[in-house]
Amino acid sequence: MAAKHNNTGLLRMTWEHVLFMHWPVPYEEIRPYVPESLELDTFQGQAYIAVVPFVMRSLTLTRLPVLGRLQFPELNLRTYVTYNGKPGVYFLHLDSGSRVANRIARRLFHLNYQDASFQLHPGLDTFALDMRHRRRNSEAEFAAQYGPASPMFSALKGSFNEWCTERYRFFSVSNRGHVYEGALSHPVWRLQEGSVNVRRNTLFEAFGLTPPIEDPHVLYSRGVVVSAKRIRRIDT
4 MAAKHNNTGL LRMTWEHVLF MHWPVPYEEI RPYVPESLEL DTFQGQAYIA VVPFVMRSLT
64 LTRLPVLGRL QFPELNLRTY VTYNGKPGVY FLHLDSGSRV ANRIARRLFH LNYQDASFQL
124 HPGLDTFALD MRHRRRNSEA EFAAQYGPAS PMFSALKGSF NEWCTERYRF FSVSNRGHVY
184 EGALSHPVWR LQEGSVNVRR NTLFEAFGLT PPIEDPHVLY SRGVVVSAKR IRRIDT
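The sequence shown begins at 4 in my numbering and counts up one residue at a time.
The structure is reproduced here in structure tokens:
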């Protein structure tokens, strides 16, 4: 997929220290967590679920610079979907360390961001992140140390690495069942094979999913500059 990048949009931001951890998941297990209006996307017939932590920097509303530049850690639990043949990301859960950013995301993008506590421990060649959130009926933790384990590369066309990272839209569905699309613009990911030591991960149990027993497919990226357009309703 060609790079999709421009300087226009509602938001501008930089994603840094991005970790992609992917596991295969049975189609019938993940399908109930995805709204019926979206089709679950698969790679060679296999569905996947991903944990993606990173640091958000220089988050700026392009028309409201007075808000300043926000920066904070984030973690998302996601899978992959299509709508009318268009591939995108569907977020099963989103946590971030910024209450302000969470309010913006919920209001402008129909994304159910939740407040969570994070601790960051940057190192020379690795990056450590600890996340905890508590809800009325659940508690989840994720703690890992990760970093690059290969030279940089771009995903080959048609590969799993391209399929799971080169996605330039996300979909969300409102409580009324309306489907929304958020378009993203950024250069092609510069990836590296990743090394990760997961100390705690109770994300799957917290959301009623079976914890995977196999090792994840791990990728790392130092980061990318992203522009996000205003979300739009597409089911009319």
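Beta carbons are placed, not taken as given, at the ideal position from N, Cα and C, and that holds for glycine. Predicted model only: the values in this text are computed from it and were never measured.
Non-local C-beta neighbours of F174 in its own chain, meaning closer than 8 Å and more than five positions away in sequence, comprise L41, V84, Y86, G91, V92, Y93, V182, Y183, E184, G185, ordered along the chain.
Across the set F207, M134, T63, the C-alpha of M134 shows the shortest separation from the C-alpha of D98. V229 is classed as buried because its beta carbon has at least 16 other beta carbons within 10 Å across all chains shown. Here the alpha carbon of P27 sits roughly 7 Å from the alpha carbon of Q49.
Here P56 carries a strand assignment [DSSP, helix/strand/coil]. Within the same chain, Y51, A53, C167, P219, H220 come within 7 Å of H25 by CB-CB distance, once the 5 residues on both sides are set aside. Here DSSP, grouped into helix, strand and coil, assigns N164 to helix. Collapsing the DSSP output to three states places N178 in coil.
Taking a contact as a CB-CB distance under 8 Å, the pair E77 and F46 does not count as one, their CB atoms being some 24 Å apart. Spatial neighbours of R109 in its own chain (CB-CB distance under 7 Å, excluding positions within 5 residues in sequence) are listed in chain order as N115, Y116.
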